[in-house]
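Residue numbers (our numbering): 649 to 1383. We put the beta carbon where it would ideally sit given N, CA and C, even for glycine. A short worksheet on the structure shown next.
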Amino acid sequence: MKKFMAIGCGVLLLTVLFAGGQSPKVAAVGLTCDATGQVVMPAAVLTSAEVSAASSASAWLKAQTNPRNLAITASTITPATQYYANYTGAVSGTFALTGVSYPTISTTSILVDTPSTLADNYRGLVTGHLRTPLPSGPTTIQAYKFTDIDYYAPASASVANDGTWTLDLSAVPNNQAGAFHLGLIDDASTTQVGDKWPQPVIYSNLVVRSYAYTDANYLISEQPALANNTWSFPSSALGYKEFRLVDTTNGNVIADTAYSSGLIRSYKIAPGEPGYGTNFEDRSFVYDQAIALLAAIGTNDTAQARVLVNGLLTLQTTGGLHDGGFIFSAPQRGPDYGDAIYRTGAHSIATYALLSYVAHNPTDPSINILKVDAARAMQFLQSVFAPAGDTTGLYHGGFGRYDGNGVFVGGFTIPWSSTEHNIDTWHTLVLAASVLQNPAYIVKATSLQQAIATYLWNPSLNRFNQGYDAGAPDTSDALDVNSWGAIYAGAVGDSSGAAKLLLNMSNFAFTRPQASGYAPYVDALGYPGALPNVWFEGTFGAALGFLRNGQVDNYATTLQLALPAQHPDGAFSYATDYDATYEMTTSEAVASTAWYVLATTARTAIWNECIYTPPSATPIVTPIPPPTPTAQPPATPVKTTATPTTTTSAPAANNTVAISPTGVPSSSVVPPPVPLAAVDRPVEPAIAGGSATTKTEDASNLLVAAIKIGIGGLVGITAILGLVKVGVFSGPRRS
């Protein structure tokens, strides 16, 4: 069965990919949690090249918050003011040409010499001449009065052979209202020649276009570009406004401006790459928004963080059944037009980023409002909590999906629980306890920790399952389940479990021509036909996982071997190789680029909270021999069976105190961490490569939805869209 796994947030046990025959080092796993509830980061000095690369990556991320500028010149077009999405009135502005020039023309051949201004009530003589070339036959100047249309006025004059004319307006009745217009009439055919006077002087072959962006960009109006470099339209339309200066001879955009909503464009797609020229180029995914926000917070870029938190909040639902929930994605310039798709993992990480902003910016003028928004987001999490049933204590996948015809089904509830989603949620609960000063979230985190150990840990395979549904585990293996799982295991004090997860990540190690790192999945572990690949988002998450668990050498080597793949503009591709089967793209990606920052200059910005264990407790530190990178994934599928055993609850104790990430002790006394590998629980027979509970229906239906969004019928584009991840336990997009 084909599977789509969630890759977005992973810590890879990046196998020590030492070059030149250097022997790998044996590394121990052990996370130190201080009395403030923060990870004690091992000493790891970044090289000057890595610091510079992180700075370039941050600059690229900042540029992605600007809407795509299609202009091929440095010319500008500027609205008179910021026109908001709900405004539909008149719009106006100016433009300036730089590096390009156009001749000026008038579409009428009539020129008025005297008087200099022809007032509506003028009734004397008017003189003028015609532009050359002159008409070949006799012509007449005819006067009109314009109100709703042009009405004949009793005044006309023949044009002399030299093109001059004199028109007497004294016969026009004083009560004939309207502005004077003059037309040139061919005497032989009695038809009008050219446009009537007055006509503005315009630039030849240059127009101003007004657009409104809702679910896509719609052209509202077009007019010639005036030679006085101003423009105005009598009305606009609902949606985010955009104005362009366009060359009509070739369609080139000379100047472009668009309102920035604060959302970040998830990909920068080059010509020829899947999705180029479609609405997908303007798509913003809430996971990418959150990761970019965390990177800005971690590098102390307060101004950028403010922009990104504003954008993040445009994706939060206000009112209704899903109040407080962050939708999965939306157009960058149309955040009000994203479908009400909610995925627990993406929502949890978005909430985590919002909480982090609140914690780091206590003087923000909107801090009280932001706390309310964060509390609403935490309340939404309770709507995906399973209080009873096969996954009691876990959080299910979310709400909404697309049917086989690409029709959005908002009332659909996803029944399965993803390991990744629940790990994301645990971190968010712990952070919320501190930021919102609510110890109840620590109680919820402790309960979730027990449920994760009970339902999601697979003792036979010494790793997490991918998810759980209707009493059956999905035993497929995905990189992020291991890498993020290792960060989580260390955070709850289970260094033995972290060691096993880090060791298991060796299955995903690859060397490609561009770089060495980790793939999101492999052929033999539940993803048939998956190609060798290096997935940069996951690789940098792996690097952080190494560092969090004390493996400084592996951390440094991971960064060293991936850095050559950074693009000159500072970005990293989503992956080294395009994989149509599993929707891996080589386009520059926010997720990969932001994770490089999080792994280097902002490495305390994400999931740095942990549960402090007093010194009397004996830590478990398990040595791990570094795995050897392989050119191909294991050839034999994993098959395991296990005999169900009797569930035994771990004994309660009171020697572990949950401490807030900001150093404020929680008032709650919670049970000690439950070692993942030690939990005694029923184990269902595993299915090779995963179970029939994996939700492929949602994934396939999302392909249809992708086409609706404007991706085109490209095979494998679904996860590039970020929509595959919408309906399965785990996959190339973050959920």
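Neighbour-count burial assignment, residue i, 16 or more Cβ in a 10 Å radius
i        : result
Gly-920  : exposed
Val-674  : For Val-674, the predicted model reports a pLDDT of 39, less than 50, meaning its position is unreliable; a value from the coordinates is still stated below. Exposed, by the Cβ-count rule.
Ala-1016 : In the sequence on display, residue 1016 carries Asn and not Ala. By the neighbour-count rule (16 or more Cβ atoms within 10 Å), Asn-1016 is not buried but exposed.
Asn-1181 : buried
Arg-1111 : buried
Tyr-799  : exposed
Ser-706  : buried
Thr-755  : exposed
Gln-1114 : buried
Asn-1130 : buried
Asn-822  : exposed
Thr-1289 : Confidence at Thr-1289 is low in this model, with a pLDDT of 30, below 50, so its placement is unreliable and the value that follows should be read with caution. With fewer than 16 Cβ atoms within 10 Å of its Cβ, Thr-1289 is classed as exposed.
Ala-1460 : Examination of residue 1460 is not possible in this model, given that the chain is present from 649 through 1383 alone.
Arg-771  : exposed
Leu-969  : exposed
Separation of residue j from residue i, as counted between CA atoms
i        : j        : result
Pro-1321 : Ala-1139 : Its pLDDT being 30, under 50, Pro-1321 is placed unreliably by the model, and the measurement read from it follows with that caveat. Pro-1321 and Ala-1139: Cα-Cα distance of roughly 9 Å.
Thr-724  : Asn-717  : 11 Å
Met-1232 : Ile-850  : 48 Å
Pro-715  : Asn-865  : 12 Å
Met-689  : Gly-1145 : 19 Å
Pro-781  : Val-748  : 28 Å
Thr-896  : His-1044 : 53 Å
Tyr-1089 : Leu-1029 : 11 Å
Tyr-985  : Tyr-861  : 9 Å
Asp-796  : Ile-758  : 22 Å
Gln-980  : Gly-993  : 21 Å
Leu-773  : Asn-876  : 29 Å
Thr-999  : Phe-1047 : 17 Å
Tyr-732  : Val-1238 : 26 Å
Asp-863  : Leu-1246 : 32 Å
Ala-836  : Asn-809  : 16 Å
Tyr-990  : Gln-1027 : 14 Å
Thr-1234 : Ala-1228 : 11 Å
Pro-1161 : Tyr-1203 : 21 Å
Phe-616  : Ser-1004 : For the chain, the structure presents residues 649 to 1383; residue 616 sits outside this window and is missing.
Asp-949  : Cys-681  : 27 Å
Thr-1061 : Arg-1049 : 9 Å
Val-1032 : Ala-722  : 49 Å
Tyr-1230 : Glu-1257 : 33 Å
Ser-977  : Gln-824  : 59 Å
Neighbourhood of residue i by C-beta, 6 Å cutoff - its chain only, sequence neighbours within 5 removed
i        : result
Glu-870  : Val-855, Arg-857
Ser-704  : Gly-1218
Ile-1100 : Asn-1070
Asn-900  : Ile-720
Gly-946  : Ala-1250, Ala-1253
Gly-785  : Ala-836
Phe-1184 : Phe-1220, Ser-1240
Nonlocal neighbours in the same chain, by C-beta distance under 7 Å from residue i, ignoring five residues either side
i       : result
Pro-751 : Ser-852
Asp-831 : The sequence given here has Gly at residue 831, not Asp. Gln-790, Tyr-792, Gln-840, Lys-844, listed in sequence order.
Gly-842 : Thr-755, Thr-756, Ser-757, Leu-832
Val-760 : Leu-766, Val-774, Gly-776, Trp-845
Ala-692 : Leu-1195, Val-1200, Tyr-1203, Ala-1204
Same chain, Cβ closer than 8 Å to residue i, five either side skipped, listed in chain order
i        : result
Arg-1024 : Gln-964, Asp-971, Gly-972
Trp-813  : Thr-775, Gly-776, His-777, Leu-778, Ile-789, Ala-805, Ser-806, Val-807
Ala-701  : Leu-1211, Gln-1214, Gly-1218, Tyr-1244, Thr-1248
Ala-1242 : Ala-705, Leu-709, Asp-936, Ile-939, Ala-940, Leu-942, Ala-943
Pro-983  : Ser-909, Leu-911, Ser-932, Gly-959, Thr-962, Leu-963
Leu-1459 : Residue 1459 cannot be examined here, being either before or after the span of the chain that is shown, 649 to 1383.
Ala-697  : Leu-1211
Thr-746  : Thr-721, Ala-722, Ser-723, Thr-724
message: Closer than 8 Å is the cut-off here; do at least three beta carbon pairs connect the segment 929-949 with the segment 883-895?
response: no
Segments assigned beta strand (DSSP E), at least 3 residues, entirely inside the segment 870-913: 878-881, 888-895, 901-906
message: For the segment 1144-1155 against the segment 1121-1136, do three or more pairs of beta-carbon atoms, one drawn from each stretch, fall closer than 8 Å, so that the two count as touching?
response: yes
message: As an exercise, report each continuous beta strand (DSSP E) stretch of at least 3 residues that is fully enclosed by the segment 690-771, in chain order.
response: 724-727, 739-744, 758-762
message: What ranges does the beta strand (DSSP E) occupy inside the segment 1049-1114, keeping only unbroken runs of at least 3 residues that lie completely in it?
response: 1056-1062
- prompt: Touching or not, the segment 900-915 and the segment 751-767, by the rule of three or more beta carbon pairs under 8 Å?
  reply: no
- request: Tell me, please, whether the segment 1223-1239 touches the segment 1167-1184 by the rule of three or more beta-carbon pairs shorter than 8 Å.
  value: yes
message: Closer than 8 Å is the cut-off here; do at least three beta carbon pairs connect the segment 1034-1044 with the segment 1113-1125?
response: yes
field: Runs of alpha helix (DSSP H) lying entirely within the segment 1183-1246, each at least 4 residues, in chain order
entry: 1184-1196, 1200-1210
message: Threshold first: 3 residues or longer. Then list the beta strand (DSSP E) segments lying entirely within the segment 815-875, N to C.
response: 827-834, 850-861, 865-874
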